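Peer 1:
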Amino acid sequence: MTRDGKLIPVLTILIVIVAIWYVAVVWLNAPFEYDQAERAGSKIEFNQMVKNTMSQKRPVLPSAHQVFSEIWNTTILKKITSKRSLVYHAWVTLSVTLLGFLMGSIFGIILSISIVHNKAMDKSVMPWVITSQTIPILAIAPMIIVVLNAIGFQGLIPKAFISTYLSFFPIVVGMVKGLRSPDQAQLDLMHTYNSSKSQILWKLRWPSSMPYLFTSLKVAVAASLVGAIVAELPTGAVAGLGARMLAGSYYGQTVQIWSALFVAAIVAAGLVIIVGIAHNMVLKRMGQLDSQAGGVS
Amino acid sequence: MSEIVISAKKLSLVFETSDAPVHALSEVDLEVKKGDFVSFIGPSGCGKTTFLRVIADLEKPTSGEILVNGVTPEQARKARAYGYVFQHASLYPWRTIEKNVALPLEIMGYSRDEILKRTQDSLNLVNLAGFEKKYPWQLSGGMQQRASIARSLAFDADLLLMDEPFGALDEIVRDHLNQQLLQLWERTHKTICFVTHSISEAVYLSTKIVVMSPRPGRVIDVIESPLPKERPLDIRESDEFRDIAHRVREGLRAGQSYDD
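Top to bottom, those sequences are chains A and B.
Numbering follows this note's numbering, with no gaps: position 93 of the first sequence is 90.
Whatever position you read off the second sequence (first residue = 1), add 1 for this note's numbering.
(1) Do you know how far the Cα of residue 116 of chain B is from the Cα of residue 250 of chain B?
(2) Establish whether the CB of residue 108 of chain B and some CB of chain E are separated by less than 7 Å.
(3) Mind listing which residues of the stretch 186 to 197 of chain A have their C-beta closer than 7 Å to chain B's C-betas, in chain order?
(4) Tell me, to the nearest whole angstrom, how far the beta carbon of residue 82 of chain A is from that of residue 75 of chain A; I am working on the premise that it is less than 8 Å.
(5) Chain A partners of residue 85 of chain B, CB-CB under 8 Å?
(6) Could you tell me the alpha carbon to alpha carbon distance between residue 224 of chain A and residue 175 of chain A, rounded to whole angstroms?
(7) Using a Cβ-Cβ cut-off of 6 Å (strictly less than) and excluding sequence neighbours within five positions of residue 16 of chain B, which residues of its own chain qualify?
(8) Where does residue 254 of chain A land, buried or exposed, given buried means 16+ other C-beta within 10 angstroms?
(9) Keeping to the same chain, check which residues put their C-beta closer than 6 Å to that of residue 23 of chain A; ignore five residues upstream and five downstream.
(10) Candidates A:271, A:112, A:73: which alpha carbon is nearest residue 171 of chain A's?
(11) Using beta-carbon positions only, say whether residue 160 of chain A and residue 72 of chain A come within less than 7 Å of one another.
(12) Kindly indicate which three-state DSSP category residue 28 of chain B falls into: helix, strand or coil?
(13) Give a yes or no on whether the C-beta atoms belonging to residue 205 of chain A and residue 179 of chain A are separated by under 7 Å.
(14) What does residue 239 of chain B touch in chain A if you count any residue whose Cβ is under 7 Å from its own?
(15) Output the distance between the C-alpha atoms of residue 266 of chain A and residue 20 of chain A, rounded to the nearest integer angstrom.
(16) Exposed or buried, what is residue 290 of chain A when buried is set at 16 or more other beta-carbons lying within 10 Å of its beta-carbon?
(17) Just list the residues that DSSP pairs residue 194 of chain B with in beta bridges.
(18) What are the partner residues of residue 12 of chain B, as DSSP defines its beta bridges?
(19) Would you list, in chain order, the members of the stretch 178 to 193 of chain B that have their beta-carbon closer than 9 Å to a beta-carbon of chain A?
(20) If I measure Cβ to Cβ from residue 2 of chain B and keep anything under 8 Å in the same chain, skipping five residues before and after, which residues do I get?
(21) Please determine, among A:210, A:61, A:128, the residue with the shortest C-alpha to C-alpha distance to residue 12 of chain A.
(22) Using 10 angstroms around the beta-carbon of residue 144 of chain B, count the other beta-carbons present and answer buried if the total reaches 16, otherwise exposed.
(23) Please list, in chain order, the chain A residues whose beta carbon lies closer than 9 Å to that of residue 57 of chain B.
(24) Check residue 231 of chain B in the structure and name its three-state DSSP category.
(25) Can you name the residues that DSSP bridges to residue 213 of chain B?
(26) How is residue 262 of chain B classed by DSSP in three states: helix, strand or coil?
(27) Going along chain A in order, which residues have a C-beta closer than 9 Å to the C-beta of residue 97 of chain B?
(28) Buried or exposed: residue 247 of chain B, going by 16 or more other Cβ atoms within 10 Å of its Cβ?
(29) Would you mind reading off the limits of the beta strand (DSSP E) that contains residue 64 of chain B?
(30) Taking residue 206 of chain B as the query, report the chain A residues whose CB atoms sit under 8 Å from its CB, ordered along the chain.
(31) Could one say the Cβ of residue 208 of chain A lies closer than 7 Å to chain B's Cβ atoms, at least one of them?
(32) State yes or no: is the beta carbon of residue 136 of chain B nearer than 7 Å to at least one beta carbon in chain A?
(33) Give the single residue among B:140, B:31, B:44 whose Cα lies nearest to the Cα of residue 217 of chain B.
(34) Between which two residues does the beta strand (DSSP E) holding residue 84 of chain B run?
(35) Using 8 Å as the cut-off, can you tell me whether the stretch 241 to 251 of chain A makes contact with the stretch 185 to 202 of chain A, which would need three or more C-beta pairs spanning the two stretches below that distance?
(36) Along the chain, where does the alpha helix (DSSP H) that runs through residue 255 of chain A open and close?
So, in structure tokens, the structure goes:
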């Protein structure tokens, strides 16, 4: 973990991104300022115009400091119980994400184990698993929510299903590969001991698949968050980061949209980092940490 | 000491490949007695590894008969009659040396105390005591191969099948391990089938040398070694040793002439 060596390159890119952002802010928000000036029948100085584009109430593109002061105001300065607190909304989304991620992981692992052990499953289920991901989630999400509501599922569960739908896929694909990763000699060795299929699974296939599992989990947890946000859109936008984005777009509150977006990104990064830490802990327990360069992300 | 452990009669194995069938074994007749140290030597493709894999029930013969301990290879495998040592140690990287040696014992359902005792005994046999808690990558190639031999000894099968176990090691390490293997063989009275492509290794180790030739894989010569059981490394300078090595070389050359 040579985090120190990464700091300067990462910071450089960050500075470049922020610079591009501010140039874009001026460029995208300028027409509004010129328009205003023209209507008032006056001319606007360039310096004044640039200053104004940074602090519009409903900018096309809000500036970084607007977004971050909004995040600051709606997280640290708001009570968590408030409906306007982003911490509250983030928690709503996060709880759906985690439930969906958990269900997706378990479902994906079970599916991959049965695919590896059963030729019929491999031939019949795998194509459907792949097909399932070609359906646009935005189209299917409202239907799942409505159908589940009709049969009595409400609250967390229907939304978590959308997360499950998106997160089981990378797990299945990764784990099928991981469970098949032992080489012929390792399988032959187990064969000479006359070991059962379940012994081969738990003593050979499962440990061999750990690197694949954690790579999949990182993708799945991020997909799960996307699923949770998408699932909030058709539920009437009551609570959650997705709801904040939707409400923001209704009322042209771009600052609100962007701050919800940033919080979602921060939550996603946090989740991926947590999975990375879990990965490192497992590698350490398996005595592998020193032989492989294991970073957090 | 005349009990027959392996007996093959007219044993053939043909691999069906997309272009042409490959005759890996062709009418092989062979008997291995209890306590023998048998080496199989020949160029690559002569079927020596295939023969070992047939004994281990990792390949099925196409025709002919083979008995291991008087039963079919499958029954012998299910009775856990042999330990197999692969060309590469193929230790599980996530297990310590101790846990790797314990693997077959766990699978065979030994008790915790028994596992501990047998693991320790096996590691002592290959002089790896003190390395129990190390992971495979912390050991040299020679030590890894010794650990894999310990793993095959752990459940105390009477038959040891070794497929070029020292092929990937340098000569100095190999000499050392050959010596240790002979000591181990003497102490445990096991029957050993040993695949190699080194003439001196075959002559140094064996009581019986089986010379094989490729395409189709068959037995050219079976040499009963007159060398004494006690074999210091410098026995390789003796005339007897050179005579046997010469005969092996002649056999290999005769096998190759068919190829041209």
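We treat Cβ as the ideally placed atom computed from N, Cα and C, and that holds for glycine.
Values in this document were obtained by computation on a predicted structure and should not be read as measured data.
Peer 2: Inspection of the coordinates gives the following:
(1) Walking along the second sequence from the start, residue 250 of chain B turns up at place 249. Walking along the second sequence from the start, residue 116 of chain B turns up at place 115. Going by C-alpha positions, residue 250 of chain B is about 44 Å away from residue 116 of chain B.
(2) As a matter of chain content, chain E is missing from the structure shown, whose protein chains are A and B.
(3) Flagged, chain order: 186, 188, 189, 190, 191, 192, 196.
(4) Residue mapping note: residue 82 of chain A aligns to position 85 of the first sequence, counting from 1. Residue mapping note: residue 75 of chain A aligns to position 78 of the first sequence, counting from 1. Contact between residue 82 of chain A and residue 75 of chain A holds, since their C-beta atoms are separated by about 4 Å, short of 8 Å.
(5) In the second sequence, the residue the question calls residue 85 of chain B occupies position 84. In chain order: 185, 186, 189.
(6) Here residue 224 of chain A corresponds to residue number 227 of the first sequence, with the count starting at 1. Here residue 175 of chain A corresponds to residue number 178 of the first sequence, with the count starting at 1. Just so you know, the alpha carbons of residue 224 of chain A and residue 175 of chain A end up roughly 25 Å apart.
(7) Within the second sequence, numbered from 1, the residue matching residue 16 of chain B stands at position 15. Exclusion of the five residues before and after residue 16 of chain B leaves 23, 25 as the residues of its chain whose Cβ lies within less than 6 Å of its Cβ.
(8) One-based indexing of the first sequence puts residue 254 of chain A at position 257. Around the C-beta of residue 254 of chain A, 16 or more other C-beta atoms lie within 10 Å, and the residue is accordingly described as buried.
(9) The residue labelled residue 23 of chain A in the question sits at position 26 within the first sequence. The answer, listed in chain order, is 47, 50.
(10) Your numbering for residue 171 of chain A matches position 174 in the first sequence. Residue A:112 is the option with its Cα nearest to residue 171 of chain A.
(11) In the first sequence, the residue the question calls residue 160 of chain A occupies position 163. In the first sequence, the residue the question calls residue 72 of chain A occupies position 75. Cβ atoms of residue 160 of chain A and residue 72 of chain A: not closer than 7 Å.
(12) To locate residue 28 of chain B, count along the second sequence from 1; it is residue 27. DSSP, reduced to helix, strand and coil, places residue 28 of chain B within a strand of the structure shown.
(13) Along the first sequence, read from residue 1 onward, the residue named residue 205 of chain A stands at position 208. Along the first sequence, read from residue 1 onward, the residue named residue 179 of chain A stands at position 182. Yes, these two residues count as a Cβ contact at 7 Å.
(14) Taking the first residue of the second sequence as 1, we reach residue 239 of chain B at position 238. Listed along the chain, the chain A residues whose CB falls inside 7 Å of the CB of residue 239 of chain B amount to none; the nearest CB is some 37 Å away.
(15) Counting from 1 along the first sequence, the entry for residue 266 of chain A is found at position 269. Counting from 1 along the first sequence, the entry for residue 20 of chain A is found at position 23. In a straight line, the C-alpha of residue 266 of chain A is about 26 Å away from that of residue 20 of chain A.
(16) Taking the first sequence and counting its residues from 1, one reaches residue 290 of chain A at position 293. Any reading at residue 290 of chain A must be qualified, since the residue scores a pLDDT of 42, below 50, and its modelled position is unreliable; the value itself is stated next. Exposed is the call here.
(17) Counted from its first residue, the second sequence places residue 194 of chain B at position 193. Looking at the DSSP output, residue 194 of chain B sits in a beta bridge with B:39, B:162.
(18) The residue labelled residue 12 of chain B in the question sits at position 11 within the second sequence. Bridge partners of residue 12 of chain B: B:29.
(19) So nothing in the stretch comes that close.
(20) The sequence position of residue 2 of chain B within the second sequence is 1, counting from 1. The pLDDT assigned to residue 2 of chain B is 44, lower than 50, so where the model puts this residue is not dependable, and the model offers no usable value.
(21) Counting from 1 along the first sequence, the entry for residue 12 of chain A is found at position 15. Considering only alpha carbons, the answer is A:61.
(22) Numbered from its first residue, the second sequence carries residue 144 of chain B at position 143. Residue 144 of chain B is classed as buried because its beta carbon has at least 16 other beta carbons within 10 Å across all chains shown.
(23) Translated into the one-based positions of the second sequence, residue 57 of chain B becomes position 56. Neighbours of residue 57 of chain B on chain A, chain order: 185, 188, 189.
(24) For this step, residue 231 of chain B is matched to residue 230 along the second sequence. It is coil, neither helix nor strand.
(25) As a position in the second sequence, residue 213 of chain B is number 212, starting the count at 1. DSSP output for residue 213 of chain B lists B:220 as bridge partner(s).
(26) As displayed, chain B neither begins before 2 nor continues past 261, which places residue 262 of chain B out of reach and without an answer.
(27) If you number the second sequence from 1, residue 97 of chain B lands on position 96. By Cβ distance, chain A contributes 284.
(28) In the second sequence, residue 247 of chain B corresponds to position 246, counting from 1. By the 10 Å Cβ count, residue 247 of chain B comes out exposed.
(29) Here residue 64 of chain B refers to the residue found at position 63 of the second sequence. Counting along the chain, the beta strand (DSSP E) containing residue 64 of chain B begins and ends at 64 to 69.
(30) In the second sequence, residue 206 of chain B corresponds to position 205, counting from 1. Annotation: residue 206 of chain B has no Cβ neighbours in chain A at a cutoff of 8 Å; minimum Cβ distance is about 22 Å.
(31) Start at 1 with the first residue of the first sequence, and residue 208 of chain A comes out as number 211. No, residue 208 of chain A lies away from the interface with chain B (no Cβ there is under 7 Å from its Cβ).
(32) Along the second sequence, one-based indexing puts residue 136 of chain B at 135. For residue 136 of chain B, the answer is yes, since a Cβ of chain A falls inside 7 Å of its Cβ.
(33) Position 216 of the second sequence, counted from the first residue, corresponds to residue 217 of chain B. Comparing Cα-Cα distances from residue 217 of chain B to each of B:140, B:31, B:44, the minimum goes to B:44.
(34) In the second sequence, the residue the question calls residue 84 of chain B occupies position 83. It spans 83 to 86 - the beta strand (DSSP E) in which residue 84 of chain B sits, taken as one unbroken run.
(35) Taking one beta carbon from each stretch, the stretch 241 to 251 of chain A and the stretch 185 to 202 of chain A have fewer than 3 pairs nearer than 8 Å; the two do not touch.
(36) Along the first sequence, one-based indexing puts residue 255 of chain A at 258. Unbroken alpha helix (DSSP H) run through residue 255 of chain A: 251 to 282.
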